[in-house]
Amino acid sequence: MTRDLYLAIDVGTGGLRSALVDRNGRILAFSHQEHEQIVPQFGWSEQRPADWWAGTLATIRAVLAKVEDAPARVAAICACGQMHGSVLIDDDGRPTLDAVPLWNDKRTVPQVEAYVARAGTARGLEISANMPAPAWPAFKLAWIAENRPEALARATTLLMPKDWINYKLTGERAQDPTEASLSYLMDWRSRTWSDELCDAVGVPRALLAPLRAPGDVLGGLEPGVAAELGLAAGLPVLVGAGDYPMALLGSGVIRSGMGSDVTGTSSIITLLHDDALVDPQVSNVLTPNGVWGVMTLLEAGGDAVRWARRAFHDNRRSYEEVAEIATHAPPGAGGLFFLPYLSGERVAEKRNSRAQFFGLKAETGLAELHRAVLEGVVFSVRRVLDTLPDGMARPDRIVAASGGAKSALWL
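Per the numbering used here, the very first residue in the sequence shown carries number 3; after that it's consecutive.
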């Protein structure tokens, strides 16, 4: 039988997704399983790698069951995933922390501040093309070293979320340069791990997995996993990339001069350039096809809508219904304004800023509340855009993608 299908996996913040895609890029089957985002205290955000793996198995089984003869037709597997979530594993591949800090976790603010006081920002910016930030894995490791030294002592490898899923699928340990470019541990020019930055932050260089290109075959599907899923042992599993760089590729944002607005859990504005823009006002991410994305990020994008859906409807309304409710309020939401900093905000003077409503009145209703949430995210995106360097060329084309692009009101 012809192997004409590809199995795609996305380790998202909100849930685990799997899809079967044919050679023409058509999605033939899709499955999603939500997983918990743990918030032990304000500014913290964790998830359990075990939940990601459970979701991977469940969603793969679900999509294979939806397409005739699917197990015999799968040609290869590729995963992407939320970035920065720092999974330390031991010799046997077991996570040394039950729950790991995610991209939107702010507990590392003291570690960032201590590093800046000790080393400044100029040299790190020159090497990594990024400023120190709580999101970067370098500072998550610094926090773990200070607060969970036993977990660091047992660890032999640092992996990102999709890399850990890849390890479970293949037994192979690797990262890719798209993830590494936002770790504060990679030299942007050589696209290799930087010993100088490892020493400066205090990260053991031995923990960093080999860097492999996103399109490389990482390894074959482990026989035990293959038997559990009904797939062929040895199926090629690709290295993959971070979810955001993959979203750029998938939405056709592939060349210098193009721009992207991706509103998923967060909102990310990116302009593509041949080289990184070494400037303290922006971050730089490497794309799967080797172009640099000059980017700014708002922590709470779709996550603000997710919060409103849970808080106001106990998740009983769909996102489409929430957006429809918002259309019944006028532009400006009757004078109601929302600051969407539910997990703090990285592009802000105070990174632990909190979310707030301003302008609540007796006549304020659900429509105004929902519209204020949507507008608050948009206003915050505009504020972030205004931080771009003055001399930066404006894009000739902007592509909107991810969940936010599904809402006509939001666009």
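We treat Cβ as the ideally placed atom computed from N, Cα and C, and that holds for glycine. Computed from a prediction, not measured in an experiment: that's the story for all the values here.
Short Cβ contact (8 angstroms threshold) for residue i with residue j
| i | j | result |
| --- | --- | --- |
| L376 | F314 | no |
| S268 | G295 | no |
| A21 | V65 | yes |
| A335 | E370 | yes |
| S47 | S355 | no |
| T272 | M297 | yes |
| A153 | L99 | yes |
| D92 | R156 | yes |
| G83 | P139 | no |
| I79 | L231 | no |
| L300 | V383 | yes |
| A364 | L338 | no |
| L223 | V205 | no |
| R308 | R319 | no |
| G87 | Q43 | no |
| Y343 | A357 | yes |
| P282 | L127 | yes |
| I400 | D263 | yes |
| R25 | D12 | no |
| L30 | T58 | no |
| I129 | E181 | no |
| S253 | A72 | no |
| M85 | L184 | yes |
| A325 | W412 | yes |
Integer Cβ distance of residue i from residue j, believed to fall under 8 angstroms
| i | j | result |
| --- | --- | --- |
| D245 | G14 | 7 angstroms |
| V203 | A124 | Wrong, their Cβ atoms sit about 15 angstroms apart, outside the cutoff. |
| H34 | T61 | 7 angstroms |
| A306 | V379 | 5 angstroms |
| A101 | I40 | 6 angstroms |
| W190 | A131 | 4 angstroms |
| D276 | V293 | 7 angstroms |
| M3 | A74 | 5 angstroms |
| K170 | W55 | 6 angstroms |
| A228 | A234 | 6 angstroms |
Same chain, Cβ closer than 6 angstroms to residue i, five either side skipped, listed in chain order
| i | result |
| --- | --- |
| P136 | K108, T110, V111 and V114 |
| P179 | R193, L213 and L288 |
| E174 | L220 and G221 |
7 angstroms Cβ shell around residue i - same chain, five flanking residues per side excluded
| i | result |
| --- | --- |
| P397 | G259, M260, G261 and L273 |
| C200 | L187 and R207 |
| M248 | C82 and P290 |
| P51 | V89, P97, V102 and W166 |
| G361 | G337, L338 and F339 |
| D53 | H37 and E38 |
Strand pairing of residue i, partner residues [DSSP]
| i | result |
| --- | --- |
| W294 | H275 and L288 |
| Q358 | L341 |
| L411 | DSSP output for L411 lists no bridge partner at all. |
| G17 | E36 |
| R399 | M260 |
| Q49 | V102 |
| G346 | L344 |
| L222 | Sequence inspection shows Gly at residue 222; the Leu mentioned does not correspond to that position. DSSP lists P238 as partners of G222. |
| S269 | T265 and L300 |
| V380 | None, per the DSSP bridge assignment. |
| L22 | L9 and A31 |
Spatial neighbours of residue i in its chain, beta-carbon cut-off 8 angstroms, leaving aside the 5 residues before and after
| i | result |
| --- | --- |
| A176 | D165, N168, A211, P212, L213, R214, L220 and V241 |
| N317 | R311 |
| T158 | I91, D92, D93, A208 and L209 |
Minimum Cβ-Cβ distance from residue i to chain C less than 8 angstroms
| i | result |
| --- | --- |
| L90 | The structure shown has no chain C; it contains just one protein chain. |
Segments of 3+ residues assigned as beta strand (DSSP E) that fall wholly inside the region 138 to 212: Fully enclosed beta strand (DSSP E) runs of no fewer than 3 residues occupy 159 to 161 of the region 138 to 212, in order along the chain.
Beta strand (DSSP E) segments (min. 3 residues) lying fully within the region 84 to 122: Counting only runs of 3 or more, we get 89 to 91.
Alpha helix (DSSP H) runs wholly inside the region 238 to 264, at least 4 long, in chain order: Segments of the alpha helix (DSSP H) lying fully in the region 238 to 264: 245 to 252.
Entirely enclosed alpha helix (DSSP H) segments - the region 49 to 80, minimum 4 residues: 51 to 68 and 72 to 75, all fully within the region 49 to 80.
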